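What the sequence shown shows, in the numbering used here, is residues 46 to 278, in sequence order.
The next block holds one structure in the form of structure tokens; read it before the comments.
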Amino acid sequence: MTFSRRRFIQTSAAIAGASSLGLPAAAKPLSFRYGYSAISWGTNIEEAIGVGQRVGLPGIEPFRQNVVNYLDKPLVLKKLMADHGLQMATCSNGGGPDFSGNFYDPAKVKKTVADHIKFVRDFIVPFGYVDHFKMNMGPRPPGYDTTDDNIKVCADALNQIGAEIIKMGVKLAPHPHVNSLVQTDHETRLLMKSTDPKYVWLTADTSHLTLGGMDPVVIIKEYWPRIAEIHYK
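Written out as structure tokens, the structure reads:
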């Protein structure tokens, strides 16, 4: 991929952890407060890591689709990152073989829950220092309208995932996102109301919150005790 400063700025989001919050006992605080997204590099995570080293960023956040070649060898990727002076902030869901991202269809949610728990257990936990799991909530239903019942199905799934991964020392941090199941103010607030704060936190993205009709400052201030990560764009 041709790399330029402009492309990097356009396609990368800064990641800030709410480190003042209490961490699960099994997690250790990361040594950095910000990083960049690897979404633009496809499966070439090696190049994404090299770019981060060249520009001096300490953290990286790939998607599952970026790390498909390392799903069964997370410690190899951890070493590669460490050799380039990077740590993984978290790894988002999305992409890769045999992985369900449907959070609204009751017939599919059982697999979604199982897939996400397995991904955290088998890939994220071995890094040893990642304290949260940023994740998107999949597509909107056919017709594009998300109902309150859809949100409640999603919330129940998130509670199930969160209840399991917090035992591993990892917080669940869903990401309201334009063109995803949860994108509007009503949908975001209903999701937060319907999820258990012991198990579910929030990834606040300044761009997607704005595009979804929200004021990101208001959302971040209101839900600050549950903010696990912030994306700046």
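Cβ coordinates follow ideal geometry from the N, Cα and C atoms, glycine included.
As the structure is a prediction and not an experimental result, all values here were calculated from the model.
Nonlocal neighbours in the same chain, by C-beta distance under 7 Å from residue i, ignoring five residues either side
i: K153; result: S145, N147
i: M213; result: A71, V165, R166, V170
i: D193; result: L235
i: F168; result: L116, P119, C136
Integer-rounded CB distance, given that residue j should sit under 8 Å from residue i
i: T229; j: G258; result: 6 Å
i: T233; j: K179; result: About 15 Å separates the two Cβ atoms, so there is no contact after all.
i: V112; j: D176; result: So it is not a contact: roughly 18 Å between Cβ atoms.
i: G130; j: F108; result: Not quite, the Cβ-Cβ distance comes to about 21 Å (not below 8 Å), so this is no contact.
i: L125; j: E91; result: 7 Å
CB of residue i within 8 Å of CB of residue j, strictly
i: G95; j: Y79; result: no
i: P261; j: S225; result: no
i: L236; j: I272; result: no
i: T188; j: Y244; result: According to the sequence as given, residue 188 is Gly; it is not Thr. No; because the gap between Cβ atoms is not below 8 Å, this pair is not in contact.
i: Y149; j: N195; result: yes
i: H231; j: N181; result: no
i: E4; j: S137; result: Since the first and last residues shown for the chain are 46 and 278, residue 4 lies out of range.
Selection from the options that minimises the alpha carbon distance to residue i
i: L116; options: H161, T157, Y81; result: H161
i: G101; options: G87, E209, I196, Y81; result: Y81
i: A202; options: D190, P219, F172; result: P219
i: C199; options: K266, P186, I210; result: P186
i: F172; options: Q132, I84, G87, G97; result: Q132
i: K238; options: Y268, A249, V263; result: Y268
Beta-carbon contacts of residue i that lie in its chain and below 8 Å, excluding the five residues immediately before and after
i: P242; result: P270, R271
i: V121; result: Y115
i: Q98; result: H129, G130, L131
i: A63; result: Unreliable placement is indicated for A63, whose pLDDT of 42 sits below 50; the coordinate value is still reported in the next sentence. Hits under 8 Å: W269, I272, A273, E274, I275.
C-beta neighbour in chain D for residue i, strict 8 Å
i: L256; result: Considering every chain present, this structure includes no chain D. It has just one protein chain.
Cβ shell of residue i (< 6 Å), same chain only, five flanking positions each side left out
i: K156; result: S145
i: V158; result: A202, Q205, I206
i: E209; result: I162
i: G87; result: none
Exercise for review: Evaluate contact between the region 243–260 and the region 270–278, counting only Cβ atoms and requiring at least three cross-stretch pairs below 8 Å.
Suggested key: The region 243–260 vs the region 270–278: in contact.
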